[in-house]
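The sequence shown lines up with residues 94 to 179 when you count with my numbering.
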Amino acid sequence: WLQKEIDGRIRASIPADLDPMRTVGVPIRRSDKCHGHTLKGSAAGELDCPPLEKYLDGVRSFLDFDPLIQNVIVTSEDSKACDEFL
94 WLQKEIDGRI
104 RASIPADLDP
114 MRTVGVPIRR
124 SDKCHGHTLK
134 GSAAGELDCP
144 PLEKYLDGVR
154 SFLDFDPLIQ
164 NVIVTSEDSK
174 ACDEFL
């Protein structure tokens with residue numbers, strides 16, 4: 094039942110007119126993945142996470158390549174990363 098509930102919520106959050114061919118997804122991994130994190134009870138980070146500017150540069154590259162991109166979907170387990178990116 095949980096999977097159906099999550100699927101329903103996700104589908105309800107996606108606009109009906111969203112064109113996947115005109116959409117770029119930007120998954121930003123942060124928190125415990127990065128060296129130097131301060132999360133208690135978590136293992137040391139695995140890598141130096143790139144600054145958010147690198148992600149933004151990637152989106153700009155996509156837009157230069159395909160100016161018809163209409164949507165950018167930003168996801169992260171770190172709400173601060175999404176806030177900063179936007």
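Cβ atoms here follow ideal geometry from the backbone N, Cα and C, with glycine treated the same way.
Spatial distance of residue i from residue j (CA atoms)
i: GLY151; j: GLY101; result: 31 Å
i: ARG104; j: GLY138; result: 33 Å
i: LEU149; j: ASP171; result: 16 Å
i: LYS107; j: ILE166; result: Looking at the sequence itself, residue 107 is Ile, so the reference to Lys does not match. In a straight line, the C-alpha of ILE107 is about 10 Å away from that of ILE166.
i: CYS142; j: CYS175; result: 14 Å
i: SER124; j: GLU98; result: 27 Å
i: SER180; j: TRP94; result: Residue coverage of the chain in this structure runs from 94 to 179, which leaves residue 180 outside it and unanswerable.
i: GLN96; j: SER169; result: 20 Å
Residue i in three-state terms, based on DSSP
i: CYS142; result: coil
i: PRO113; result: helix
i: ILE121; result: strand
i: ILE166; result: strand
First through last residue of the alpha helix (DSSP H) which encompasses residue i
i: SER172; result: 172-178
i: LYS97; result: 95-106
C-beta atoms of residue i and residue j nearer than 7 Å
i: VAL117; j: PHE155; result: yes
i: ILE145; j: PHE178; result: First, the residue type needs correcting, since residue 145 is Leu and not Ile in the sequence shown. In contact: LEU145 and PHE178 (Cβ atoms closer than 7 Å).
Of the listed residues the options, nearest to residue i (C-alpha basis)
i: ASP55; options: SER124, ARG153, ASN164, ALA136; result: Residue 55 lies beyond the range of the chain shown here (94 to 179); nothing can be said about it.
i: ASP112; options: SER169, ILE162, THR168, LYS173; result: ILE162
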